[in-house]
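Numbering (the numbering used here), first residue to last: 78 to 494.
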Ligand code: ZN
Ligand code: ZN
């Protein structure tokens, strides 16, 4: 069945490569993916999808292909680009500039490979539409906006996509990664971290820099707190668990001889389990309050949590079923386990909203030979990864492998005729 469905790939490969290069050259920022969405919707309609809806959760696109009784399988690709100035030097490199949410002009680049995700999903959706006699069920094709802001999946769910279109029994997705092209990498259970952001404001009493005794210095308070926060991972999180606490923003004062009245910290945390997440969150709050008290702060600190994303869990049982199909198709040598990725992804929001499993895997996008050599010599970190201005997957075999992986995964869960 797999080979019969994938037999149509050579015929559409050039067209897909053209679509990929077009998307790469015309990236759009999160929640501004209007031309991208319109183009992808058109490609689905051309492939025979009669139910295609745009503007789901602002700029999302949903295509439904109903093909008799059977499981409902959702394939998801994200479509947004990043404010990065492309430096790949490719003939189809982006020169796009756009206005971001804060009104600043920024360069725009598909530096995370979401253009490749979208092109591969068009490919899989087309192949499955052309071979409807080979499977049964319903295919839900989802192009999701704003993954980079962590809000796109939530927006589509809140816009009623599952009530309006179909309720999937499983959610399948993939991410192109700095691995050798042609290879698939996977993990089971928590594969990408939960992310939480916290803004802390510490309250001192301002005054003249020459008279510290008349002030409460929030700069010293903040300095102690930054140091104390690093004790959470080192001393409170069990060694077998992983967690990251980063103070990415620290602001206080205007001038050397003025003690300011406040200091602000922007804190970002990454965790993999609900227990560790709760432990880290409450430890940060405890330390912020305790450092304030220790420094005789004039008020309790303000603690504002935002931008929270759950860990991405690739359902263990469903993942091993899918990976068995990958191994049968690609051969064991091209399907490898990989460690957890400390970045975050919002694809898990879909499955969590319905209580159904998500299966998520990575596939390689870097020149196969040199990347395999770098991997062997432990130099993989030297190669450009996602979000780098130099990151652009080689078109082949990345495109073919991505289309095949999505198609094989979908066929694993759809019914047979
Ligand atoms: Zn990204
Ligand atoms: Zn991404």
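Note that CB positions come from ideal geometry on N, CA and C, so glycine has one too.
Item	Value
Please determine whether the Cβ atom of residue 355 lies at a distance below 6 Å from any heavy atom of ligand 1.	no
Across the region 345 to 356 and the region 290 to 300, are there enough close Cβ pairs to call them in contact, namely three or more that are closer than 8 Å?	no
Pick helix, strand or coil for residue 433, following the three-state DSSP scheme.	coil
Does the distance from the CB of residue 215 to the CB of residue 243 come in under 7 Å?	yes
Let me check one thing: in DSSP terms, what residues is residue 280 bridge-paired to?	339 and 376
Among 112, 156, 130 and 102, whose alpha-carbon lies nearest the alpha-carbon of residue 162?	102
In chain order, which beta strand (DSSP E) runs of at least 3 residues are fully inside the region 152 to 213?	174 to 176 and 182 to 184
Can you determine whether any heavy atom of ligand 2 sits closer than 6 Å to the C-beta of residue 189, and answer yes or no?	yes
Go to residue 413, then tell me how far its beta strand (DSSP E) extends in each direction, as first and last residue.	412 to 414
Quick check: residue 133 and residue 118, are their CB atoms within less than 7 Å of each other?	no
Taking only three categories from DSSP, how would you classify residue 80?	helix
Determine the extent of the alpha helix (DSSP H) in which residue 247 is found, giving its start and end residues.	Counting along the chain, residue 247 falls outside any alpha helix (DSSP H), though it belongs to the beta strand (DSSP E) covering 247 to 257.
Tell me the residue span of the alpha helix (DSSP H) that contains residue 122.	111 to 123
When every heavy atom of ligand 1 is checked, does at least one fall within less than 6 Å of the C-beta of residue 128?	no
Give the range of the alpha helix (DSSP H) segment to which residue 398 is assigned.	393 to 407
Please determine whether the Cβ atom of residue 110 lies at a distance below 6 Å from any heavy atom of ligand 1.	no
With a threshold of 16 other CB atoms inside 10 Å of the CB of residue 393, please say whether the residue is buried or exposed.	exposed
Alpha carbon to alpha carbon, what distance is there between residue 277 and residue 108?	28 Å
Closer than 6 Å: is that where the CB of residue 225 sits relative to any heavy atom of ligand 1?	yes
In whole angstroms, what is the alpha-carbon distance linking residue 366 and residue 280?	11 Å
May I have the straight-line CA-CA distance separating residue 145 from residue 213, to the nearest angstrom?	6 Å
Does DSSP put residue 347 in a helix, in a strand, or in coil?	strand
Hey, how far is the Cα of residue 284 from the Cα of residue 324?	26 Å
Identify the continuous alpha helix (DSSP H) that holds residue 474 and give its terminal residues.	472 to 490
Alpha carbon to alpha carbon, what distance is there between residue 435 and residue 248?	5 Å
Is there contact here, the region 149 to 162 with the region 253 to 269, by at least three beta-carbon pairs under 8 Å?	no
Classify residue 441: buried if its beta carbon has 16 or more other beta carbons within 10 angstroms, exposed otherwise.	buried
Give the single residue among 463, 197, 303 and 170 whose Cα lies nearest to the Cα of residue 421.	463
Using the beta-carbon count (16 or more within 10 Å), is residue 78 buried or exposed?	exposed
Distance cutoff 7 Å, beta carbons only. Does residue 129 sit that close to anything in chain E?	The structure shown has no chain E; it contains just one protein chain.
Thinking just about the alpha-carbon of each residue, which of 236, 211, 210 and 209 is nearest to the one in residue 222?	236
Is the region 471 to 479 close to the region 191 to 203, with three or more CB pairs under 8 Å?	yes
Is the beta carbon of residue 402 sitting closer than 7 Å to the one on residue 489?	yes
Can you tell me which residues form a DSSP beta bridge with residue 144?	214
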